[in-house]
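S.K.: Numbering (my numbering), first residue to last: 9 to 367.
(1) By Cβ distance, which residues of its chain are closer than 7 Å to residue 114, with the 5 residues on each side in sequence left out?
(2) Is residue 141 helix, strand or coil by DSSP?
(3) Could you give the residue range of the alpha helix (DSSP H) that holds residue 27?
(4) What does a CB cutoff of less than 6 Å around residue 172 pick up in its chain, not counting 5 residues either side in sequence?
(5) Based on DSSP bridge pairs, tell me the residues matched to residue 187.
(6) Is the beta carbon of residue 151 sitting closer than 9 Å to the one on residue 90?
(7) Less than 6 Å between C-beta atoms, sequence neighbours within five positions excluded: which residues of the same chain meet that for residue 226?
(8) Using the beta-carbon count (16 or more within 10 Å), is residue 82 buried or exposed?
(9) Comparing alpha-carbon positions, which option in 174, 77, 53 lies nearest residue 29?
(10) At what residues does the alpha helix (DSSP H) containing residue 361 begin and finish?
(11) Measuring only the C-alpha atoms, how far is residue 280 from residue 256?
(12) Could you check how far apart the C-beta atoms of residue 319 and residue 298 are, in whole angstroms? I think they sit under 8 Å.
(13) Please return the same chain residues whose Cβ sits closer than 8 Å to the Cβ of residue 236, not counting the five positions on each side in sequence.
(14) Among 187, 44, 199, whose alpha-carbon lies nearest the alpha-carbon of residue 228?
(15) Whole-angstrom Cβ separation of residue 56 and residue 15, contact assumed at under 8 Å?
(16) Spatial neighbours of residue 18 within its chain, please: CB distance less than 7 Å, with the 5 preceding and 5 following residues excluded, ordered by chain position.
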């Protein structure tokens with residue numbers, strides 16, 4: 009087809025292709041080069057036509073993936089319903105309340121949504137799914153989405169193509185388009201190491217977290233920065249990146265006891281700190297007399313451990329509250345860009361730490 013087209017004429021052609029079902033909602037359209045060749049127009053004309061259709065909400069660009077026909081899920085106008093989903097990976101029995109951290113985040117989400125007159129759909133989503141039809145079914149009933157622990161670029165791109173209003177909680181990828189509530193994990197780890205160093209600890213181990221988790225990597229970097237800040241050596245042998253699994257954390261602490269000398273442990277989460285406490289007891293180490301332990305998150309059960317666990321508090325209910333408020337603000341102003349809010353962390357000192365020289 010040979011055209012002497014303006015951007016407006018090319019827009020009309022693209023719209024006709026969409027209306028006739030040649031390009032379905034959610035489907036990627038041909039590239040700029042392919043469109044220019046197909047319609048014998050310059051890429052400048054193609055670029056202007058696509059930019060105008062993106063501005064009108066007909067198309068949506070997903071960086072690194074392409075341009076897609078946008079779609080809006082069919083649902084009642086202003087259903088006064090929000091969805092709160094937590095991401096998992098290949099765990100069919102996983103629920104939001106299985107995760108002690110997100111059980112407390114849920115409280116903040118639910119109370120704030122209720123106060124604003126919204127109902128709440130609560131579920132999980134498997135990032136390893138071949139497709140995300142379950143998400144689409146949920147979003148057919150909801151005005152917006154709050155998503156915890158997003159790590160999958162494919163899921164992010166699906167949300168972008170579908171144009172679901174979304175707020176992320178502690179994701180492991182960055183999005184310039186979706187609102188994000190982040191935890192100040194880095195400063196929390198620095199504060200934990202500062203405290204241990206002030207108690208005279210020089211050999212401080214780090215346990216847990218995943219290489220694929222941005223919060224875990226920030227906690228590790230904060231640990232290293234805290235050591236350097238206190239003129240302590242960063243010893244790779246004292247670092248065990250064992251993921252978030254309890255049994256893997258147990259094995260990591262066992263390996264440390266066999267291979268290294270240390271007087272304190274900073275765990276990437278309270279759950280992993282519980283594993284450390286268990287292994288230390290089994291090996292007849294006294295906490296804190298022999299080894300001090302600090303966790304991260306400050307779960308409700310952390311104060312009930314023996315001894316009560318020193319932990320970096322993450323304000324979990326506040327994370328949920330902020331996510332709801334950010335999502336409702338987005339629904340109100342219909343923004344096409346994301347905002348980021350960092351929530352400070354706070355070291356809570358309990359009985360699981362003591363001076364190194366008091367042993």
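Just so you know, even glycine gets a beta-carbon here, dropped at the ideal spot from N, CA and C.
M.R.: Put simply:
(1) What you label residue 114 is simply residue 106 of the chain shown in a count that begins at 1. The answer, listed in chain order, is 92, 104, 130, 328.
(2) Locating residue 141 in the chain shown gives position 133, where the first residue counts as 1. DSSP places residue 141 in helix when its eight states are reduced to three.
(3) Here residue 27 corresponds to residue number 19 of the chain shown, with the count starting at 1. That run of the alpha helix (DSSP H) goes 15 to 27.
(4) Walking along the chain shown from the start, residue 172 turns up at place 164. Within the same chain, residue 172 has close Cβ partners 147, 153.
(5) Within the chain shown, residue 187 is the residue found at index 179, counting from 1. Answer is 175.
(6) To locate residue 151, count along the chain shown from 1; it is residue 143. To locate residue 90, count along the chain shown from 1; it is residue 82. Result yes, Cβ atoms of residue 151 and residue 90 sit closer than 9 Å.
(7) For the purposes of this step, residue 226 is taken as the residue at position 218 of the chain shown. If we look at residue 226 and ignore the five residues flanking it on each side, its Cβ neighbours are 193, 194.
(8) Walking along the chain shown from the start, residue 82 turns up at place 74. Below a pLDDT of 50, predicted positions are generally treated as unreliable, and residue 82, at 46, falls in that range; the measurement from the model is reported next regardless. Residue 82 is exposed by the Cβ-count criterion.
(9) Within the chain shown, numbered from 1, the residue matching residue 29 stands at position 21. Ranking 174, 77, 53 by Cα distance to residue 29 puts 77 first.
(10) Numbered from 1 along the chain shown, position 353 holds the residue referred to as residue 361. No alpha helix (DSSP H) holds residue 361; DSSP gives it neither H nor E.
(11) Here residue 280 corresponds to residue number 272 of the chain shown, with the count starting at 1. Here residue 256 corresponds to residue number 248 of the chain shown, with the count starting at 1. About 9 Å.
(12) Along the chain shown, read from residue 1 onward, the residue named residue 319 stands at position 311. Along the chain shown, read from residue 1 onward, the residue named residue 298 stands at position 290. No, residue 319 and residue 298 are not in contact; Cβ-Cβ is about 19 Å, not under 8 Å.
(13) Mapped onto the chain shown, residue 236 falls at position 228. Cβ within range, chain order: 242.
(14) For the purposes of this step, residue 228 is identified with residue 220 of the chain shown, where counting begins at 1. When each option's Cα is compared against that of residue 228, the closest is 199.
(15) Counting from one through the chain shown, the residue named residue 56 turns up at place 48. Counting from one through the chain shown, the residue named residue 15 turns up at place 7. At roughly 4 Å, the Cβ-Cβ gap stays under 8 Å, so residue 56 and residue 15 are in contact.
(16) Within the chain shown, the letter at position 10 stands for residue 18. Excluding positions up to five away in sequence, the list reads 47, 49, 53, 54, 57.
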